[in-house]
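Residue numbers (the working numbering), protein chains in the order written: chain R, 1 to 234; chain B, 1 to 234; chain H, 1 to 234; chain P, 1 to 234.
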């Protein structure tokens with residue numbers, strides 16, 4: 001069996017989606033990528049299978065074009081979004097898609113999540129962006145792949161760094177989050193839901209709430225992520 | 001004992017209502033129908049009995065006029081709504097009524113739930129409709145049966161297909177959901193609550209939030225339900 | 001030990017307050033009354049004691065003037081509200097006070113809970129009323145007793161029947177609920193919290209949401225409580 | 001090992017932060033102070049360590065300048081806020097910092113929490129204040145220490161007593177709470193979250209909701225905290 005430890009990690013990330021309540025039913029999926037070989041390989045959850053019964057052998061291995069390399073089950077129906085993101089963002093090693101309650105509500109409202117506090121700034125540098133809706137042509141041509149394409153387009157048009165902004169809201173759909181590994185991606189999906197909850201309440205309490213100043217968000221982000229990080233044990 | 005496997009299924013659906021937190025106290029009921037015989041038979045929960053102590057033998061079997069065929073307990077006080085829906089919608093095999101928190105809030109607000117995202121579109125084709133209030137005459141004449149009648153009237157007047165729209169909000173009351181079986185109905189009741197939660201937050205964040213374009217909702221609905229379904233393992 | 005079975009019932013009601021999440025910390029208390037003797041006797045929770053460690057012997061027995069008849073602990077600091085309500089409403093046998101989250105939010109907002117749906121109408125006939133604030137004189141003279149007095153004043157001024165309206169919101173404070181027993185009172189406190197949640201969401205979704213017509217609320221209330229009740233097994 | 005019982009108490013308070021759901025991930029920390037020696041000593045959680053695996057020996061002991069006296073791990077990155085507060089408020093013995101959901105939402109909205117009810121008045125005398133944002137200079141100079149400085153400045157400018165107002169919202173950040181011990185501080189952090197939830201719903205229901213009159217809040221506060229306290233068993 002190919003990529004046994006990556007399979008374990010991806011399986012664990014899929015289970016974390018359920019354990020943390022980020023996706024009811026089977027609305028959610030996690031993948032990871034191994035970029036060490038000549039041909040990068042993606043490990044992803046099969047489609048519509050209950051998290052509780054998943055085993056490492058159920059996971060599907062594909063190449064970056066989505067061709068199945070190993071596995072007898074059909075891969076997640078969102079596979080083409082994952083592979084497109086892996087191609088566009090070479091820095092990332094794991095992707096998680098959820099329909100978590102508050103992040104999805106912002107996605108449905110078509111609003112980016114403003115950076116109203118340090119909880120947000122510790123993980124996301126600036127707003128959590130929201131994509132444009134897909135056009136009728138994009139849906140007809142390749143709906144799932146173009147879901148990835150509108151994400152990448154938003155990052156390119158705003159000059160966003162997917163390392164500093166490890167997630168996005170797809171308009172009228174739901175969030176995607178990523179990170180250096182599948183474990184990192186699920187952590188970001190979970191934090192994204194938390195900051196979506198905080199921001200939801202904050203904007204109801206104060207529709208004119210200000211984003212925190214750049215000098216604060218910069219400080220927080222660098223405290224956890226910069227070369228002089230002071231947070232945690234290192 | 002008649003219809004043993006249907007009793008088990010209906011009992012399970014009733015327990016799922018409680019387990020998923022869709023109806024506090026005894027505000028909820030599930031039924032199923034067996035249409036295989038000359039006379040269709042409905043299995044329904046008895047009235048006001050705690051889910052925890054229900055046994056298959058406690059369930060009540062009636063015909064489509066609500067006449068008790070087997071059972072010593074009084075059937076759910078909502079029986080006449082169920083039988084009317086089974087008569088009007090021959091495609092359905094199970095019905096679930098809950099007072100789940102967010103769906104009931106929309107019903108009390110008298111607003112249909114707009115289709116703001118793909119979570120909704122995967123299960124409900126278009127808005128979740130809300131009925132007209134019952135008139136004083138309808139209440140006096142046959143309150144429970146006429147609750148079914150206003151549901152059917154809404155579906156007829158808008159030309160809705162109960163397979164594509166597997167649920168409804170009764171104005172000033174609460175939701176009903178249905179499906180090809182009691183298990184399917186409880187799944188739809190649960191999804192209905194989830195999309196009611198998402199839409200509640202979305203409209204507070206953006207009162208002018210747009211429904212997703214028909215070409216997206218069409219795509220999502222057909223992806224799970226159409227003849228070329230690509231979701232899950234088949 | 002006096003009133004052993006009433007002690008058990010009141011202890012159970014106090015534990016239910018905690019189990020149902022109706023009062024964090026020790027913000028809550030339940031009492032019951034035995035009106036069978038020449039002198040009615042009230043059983044109430046001691047003050048500031050954790051629900052988990054309460055025993056029947058910890059409960060305090062008082063007369064209707066609040067004089068301790070049996071018990072070594074100090075009674076709940078809300079005792080005088082309970083005794084005043086028992087004197088004013090001879091039909092009731094149990095009282096529960098909570099600071100449950102949504103009912104308290106309505107009390108703090110100073111708004112009665114409108115009857116927006118049948119969940120409400122099944123238990124409360126018409127609005128859940130809110131009291132006037134206490135005056136400075138009333139607070140200085142006898143704060144706890146006068147909390148009962150403003151409740152009774154509201155019921156008298158609106159001609160409300162405490163059997164048909166088994167609870168109230170004290171403005172700037174929190175709810176009290178009652179019933180024919182302590183068990184009944186805790187059930188009403190729990191339903192009151194649920195209808196407060198539903199109504200909160202409904203008025204946010206539709207600030208102009210209409211109360212359900214009297215002919216519907218009448219029907220629902222009588223279905224559960226009238227002489228021709230059709231709900232449950234009887 | 002220095003201060004063994006204080007370590008146990010601080011460890012317990014840190015675990016309570018997690019158990020009560022006041023801080024997801026590792027967003028939170030508790031400390032305590034021993035003022036009995038010539039040199040006061042602070043015990044605080046190490047940085048970025050999971051609550052579940054913390055042991056008393058992992059805790060860090062520092063002096064009031066933040067110099068490590070005992071411990072091999074890095075102290076919480078918020079240490080300088082704690083030490084500044086211990087210096088400024090000699091009455092307090094424990095401090096808890098959380099990112100609890102509703103209190104943080106108020107902090108992000110930049111609004112103080114008005115005293116809308118007696119739940120609030122029992123613990124906080126008057127509003128829960130919100131600080132000014134830090135200036136760019138304050139962030140650059142000493143972000144964490146100046147977080148303490150803006151708290152103290154708010155208390156000084158409004159003449160607030162940290163015993164009567166055992167907590168604060170740091171604008172664009174999150175709450176800090178304190179008390180006579182670490183256990184007391186975590187209790188106040190938990191109550192602060194509860195009153196933030198109540199007030200959030202109350203102001204949505206009634207944007208013009210009035211604060212309760214001073215004669216009521218005075219009465220409630222003194223009932224629990226004054227020399228003639230009537231609450232609990234004493």
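We put the beta carbon where it would ideally sit given N, CA and C, even for glycine.
Determine the burial state of residue 108 (chain B): buried for a count of at least 16 other Cβ atoms within 10 Å of its Cβ, exposed for fewer. Counting of Cβ neighbours within 10 angstroms places residue 108 (chain B) among the buried residues, the total reaching 16 or more.
Beta-carbon separation of residue 81 (chain H) and residue 26 (chain H) under 8 Å? Remark: C-beta atoms of residue 81 (chain H) and residue 26 (chain H) do not approach each other more closely than 8 Å.
For the beta strand (DSSP E) holding residue 31 (chain P), just list the boundary residues, first then last. Counting along the chain, the beta strand (DSSP E) containing residue 31 (chain P) begins and ends at 28-34.
Since residue 117 (chain P) meets chain H, which of its residues come closer than 8 Å, beta carbon to beta carbon? 104, 107, 108, 172, 173 and 174
Measure the alpha-carbon distance for residue 192 (chain B) versus residue 176 (chain B) and round it to whole angstroms. 9 Å
Taking only three categories from DSSP, how would you classify residue 227 (chain R)? coil
Unbroken alpha helix (DSSP H) runs of length 4 or more, entirely within the region 67-142 of chain R: which are they? The qualifying runs are 79-88, 101-109 and 118-121.
Note down, one range per segment and in chain order, each alpha helix (DSSP H) of at least 4 residues found wholly within the region 182-231 of chain H. Fully contained in the region 182-231 of chain H are the following alpha helix (DSSP H) runs of length 4 or more, in chain order: 182-205 and 214-225.
Nearest to residue 29 (chain B) by alpha carbon, out of B:49, B:200, B:38 and B:40? B:49
According to DSSP, is residue 175 (chain H) helix, strand or coil? strand
When we look at the beta-carbon of residue 71 (chain R) and count the other beta-carbons within 10 Å, is it buried (16 or more) or exposed? Residue 71 (chain R) sits buried, since 16 or more C-beta atoms from the chains shown fall within 10 Å of its C-beta.
Three or more C-beta pairs closer than 8 Å, one from the region 87-106 of chain P and one from the region 195-205 of chain R: is that the case here? yes
Rounded C-beta distance between residue 125 (chain H) and residue 165 (chain H)? I'm assuming under 8 Å. 6 Å
Could you tell me whether the region 31-46 of chain H touches the region 3-13 of chain H, using the rule of 3 or more Cβ pairs below 8 Å? A contact exists between the region 31-46 of chain H and the region 3-13 of chain H.
Residues of chain R with a CB under 7 Å from the CB of residue 99 (chain P): which are they? 119
Take residue 55 (chain H) as the anchor and find which of H:150, H:13 and H:134 has the nearest alpha-carbon. In terms of CA proximity to residue 55 (chain H), H:13 leads the group H:150, H:13 and H:134.
For the structure I just gave you, are there three or more beta carbon pairs, one from the region 111-124 of chain B and one from the region 182-197 of chain B, closer than 8 Å? yes
Between the C-alpha atoms of residue 94 (chain H) and residue 41 (chain B), what's the straight-line distance to the nearest angstrom? 44 Å
Rounded C-beta distance between residue 85 (chain B) and residue 66 (chain B)? I'm assuming under 8 Å. With a Cβ gap of about 12 Å, residue 85 (chain B) and residue 66 (chain B) do not count as contacting.
Got a sec? Which residues, its chain only, sit under 7 Å from residue 9 (chain H) by beta carbon, not counting five neighbours each side? 32, 181, 182 and 183
Taking 8 Å as the cut-off, decide whether the C-beta atoms of residue 119 (chain B) and residue 212 (chain B) are in contact. no
Short Cβ contact (8 Å threshold) for residue 111 (chain R) with residue 96 (chain R): no
If you compare alpha carbons, which of R:101, R:64, R:209 and R:221 is closest to residue 117 (chain B)? R:101
Do residue 199 (chain H) and residue 98 (chain H) have their C-beta atoms closer together than 8 Å? no
Would you give the residue range spanned by the beta strand (DSSP E) that residue 59 (chain H) belongs to? Boundaries cannot be given for residue 59 (chain H), as no beta strand (DSSP E) includes it and DSSP labels it neither H nor E.
Between residue 198 (chain P) and chain H, is any beta-carbon pair separated by less than 8 Å? yes
Residue 216 (chain R) to residue 157 (chain B), Cα distance in whole Å? 56 Å
Nearest-angstrom Cα separation, counted from residue 88 (chain H) out to residue 152 (chain H): Straight-line Cα distance between these residues: approximately 7 Å.
Pull up the distance between the alpha-carbon of residue 58 (chain R) and that of residue 127 (chain P), whole angstroms please. 56 Å
Environment of residue 46 (chain P) [buried if 16+ CB atoms lie within 10 Å]: It counts as buried.
Cβ-Cβ distance between residue 77 (chain P) and residue 44 (chain P) below 8 Å: no
Against chain P, does residue 212 (chain R) count as a neighbour if the rule is that its beta carbon must be under 8 Å from one of theirs? yes
Provide the residue span of the alpha helix (DSSP H) that contains residue 10 (chain R), from first to last. 4-19
Is any beta-carbon of chain B found at less than 8 Å from that of residue 168 (chain R)? It does not: the Cβ of residue 168 (chain R) has no partner Cβ on chain B nearer than 8 Å.
In this structure, how does DSSP classify residue 48 (chain R) when only helix, strand and coil are distinguished? In the three-state reduction of the DSSP assignment, residue 48 (chain R) falls in the coil class, being assigned neither a helical nor a strand state.
Is residue 128 (chain R) close to chain P? Criterion is C-beta to C-beta, closer than 8 Å. Chain P contact via Cβ: absent.
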